[in-house]
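Quick notes on the structure that follows.
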Amino acid sequence: MKIASVRATPLNLPVTVGSGARTKSTFLSMCLVEVELDDGRIGSGITAITEEEVIASIVNDIAHHALVGMDPLRHEQVWDKLFWLLTPRGQSGYASHAIAAIDLALWDLKGQILGQPVWKLLGGARAQVPVYATFGFAFFERDELAAAAQAWVERGFKRLKMTVGHHALQRRDEPRPLAQVIREDVERIRAVREAVGPEVQIYIDANCSLDYFHAQALAQRIEEYGITFFEEPVAQNDIPNLAKLRAKTSIPLAAGQNEGLASRFRDMLAAQAVDVVQPNACISGGYTQCLKIAGMAAAFNASFANGGAWPHHNMHLHAGLANGSLVEYHSVAVECCKLVFDGLPEPTDGVLALPETPGLGFRPNRERVAELAKRPGSRGAGKA
Ligand SMILES: [Mg+2]
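For the sequence shown, position 53 (counting from the first letter as 1) is numbered 1463 according to this note's numbering, and the numbering increases by one without interruption.
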């Protein structure tokens, strides 16, 4: 049994963001990777929050030629070969996304070959995982945000995540002082807390869009609203700044969804910089590397949760491992996955039940993917 081909399809997916009073049509990018064996079996993986055309080129022009003829069950051998091929001097970036998508496809194949779902091969710690719903996007006005939060609670979700910071540092072309951005964020968080009551857990995510001073000022002003964690509060996941912030706030800090190197998680943990590490299986080197990061989190008695969306791939990791926990049910990413895959499970009362079918338990729909792949490239399109 050998790898016959590794191919990537860059996708630019049309999605509708929001609910109730306000919706917005936009696009989200994803790169689908399929590994085909010489017996015709195919495994699939994805990556996202990157430039999908770049990843497709890495996979099709470099990884394919390197992996043809290798044994698909030897995931460590494949991972190590890709690591030294694509990141020989510790570069991270695009290479980690490409390795992640290929690694997920290999685990999907491993499950198909062995007749077992991936979550059991990863350890089978539990058959269902709790989710939190990411619903609170920047384009909502304050009252619409509160109404959307209520609507998600009525759908059975008791854990809700909203964005803050709103790419304030990134959008230097817009006259939006950080002080003004966080002042409005305080009001938005208050409106959501008042709308959902004290029992619902609220998470916030700055997507690395604030500097230390404004992240700290925001944390200080929202402590009374009972925030469960503050994700990616500072630019670049800067570890000394995270550690300083963590020492100053009672709100737990979370980070790591877009990190490529396991050593970055080691450094966060050693510096006591975060409460929750969030490697994403679709980005942080696939299941193979996330297993190692989760092991470090366990050794440091830190929490381990999913950030960066793509719940259907990350649910296998969090069901598989004893210290697995929350999976991010990001409404836009879920809509993307529904365009690409058939057989996706839906959460009930805030919980996703893992499939018993071999591999990932869901497959890309070839016809729809072919149609979607005709869309033009999406440079600058939305990133979850
Ligand atoms: Mg995030």
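Backbone N, C-alpha and C define an ideal beta-carbon position, used for all residues, glycine too.
Cβ-Cβ separation, residue j to residue i (assumed contact under 8 Å), whole Å
i: Val1541; j: Tyr1739; result: 4 Å
i: Val1445; j: Leu1496; result: Not confirmed; about 16 Å, so no contact.
i: Gly1666; j: Asn1647; result: 7 Å
i: Ala1691; j: Leu1731; result: In fact, because the Cβ distance is near 11 Å, the residues do not count as touching under 8 Å.
i: Val1488; j: Leu1514; result: About 12 Å; that fails the 8 Å criterion.
i: Ala1708; j: Ala1683; result: Not quite, the Cβ-Cβ distance comes to about 17 Å (not below 8 Å), so this is no contact.
i: Ile1509; j: Gly1695; result: 5 Å
i: Leu1477; j: Ile1413; result: 5 Å
i: Lys1702; j: Ala1681; result: The pair is not a contact, with the Cβ atoms about 18 Å apart (cut-off 8 Å).
Which of helix, strand or coil DSSP assigns to residue i
i: Cys1692; result: coil
i: Gly1500; result: coil
i: Lys1571; result: strand
i: Arg1803; result: Because residue 1803 is not part of the residues shown, which for the chain are 1411 to 1794, the question remains open.
i: Asn1724; result: helix
i: Glu1554; result: helix
i: Arg1600; result: helix
i: Val1528; result: helix
i: His1740; result: strand
i: Gly1790; result: For Gly1790, the predicted structure reports a pLDDT of 45, less than 50, and the residue's modelled location is therefore unreliable. The matter cannot be settled from this model.
i: Leu1803; result: One cannot answer for residue 1803 here, as it falls past the ends of the chain, which runs 1411 to 1794.
i: Glu1513; result: In the sequence on display, residue 1513 carries Asp and not Glu. Residue state, collapsed to three classes: helix.
i: Lys1784; result: coil
Ligand 1 heavy atom lying under 8 Å from the CB of residue i
i: Glu1669; result: no
i: Glu1642; result: yes
i: Asn1617; result: yes
i: Gly1717; result: yes
*How about the region 1726-1733 and the region 1620-1629: do they share at least three Cβ pairs that are nearer than 8 Å?*
Not touching, per the Cβ criterion.
_Taking 8 Å as the cut-off, does the region 1712-1719 touch the region 1484-1501 (at least 3 CB pairs, one atom from each stretch)?_
No, the region 1484-1501 does not touch the region 1712-1719.
*Count the CB pairs spanning the region 1554-1568 and the region 1491-1505 that are closer than 8 Å, and state whether there are at least three.*
Counting C-beta pairs with one atom in each stretch, the region 1554-1568 and the region 1491-1505 have fewer than three that are closer than 8 Å, which means they do not touch.
*May I have a chain-ordered list of the beta strand (DSSP E) segments no shorter than 3 residues that lie completely inside the region 1621-1653?*
Those beta strand (DSSP E) runs which fall completely within the region 1621-1653 and span 3+ residues are 1637-1641.
*Contact the region 1517-1534 vs the region 1546-1554: 3+ CB pairs below 8 Å*: Proximity of the region 1517-1534 to the region 1546-1554 falls short of the contact definition, fewer than three beta-carbon pairs being nearer than 8 Å.
*If you pair each beta-carbon of the region 1763-1770 with each one of the region 1530-1550, do three or more pairs fall below 8 Å?*
In short, these stretches touch, since the Cβ pair count reaches three.
*Can we say the region 1607-1618 touches the region 1571-1585, given the rule of at least three CB pairs closer than 8 Å?*
Taking 8 Å as the limit for Cβ pairs, the verdict is that the region 1571-1585 does touch the region 1607-1618.
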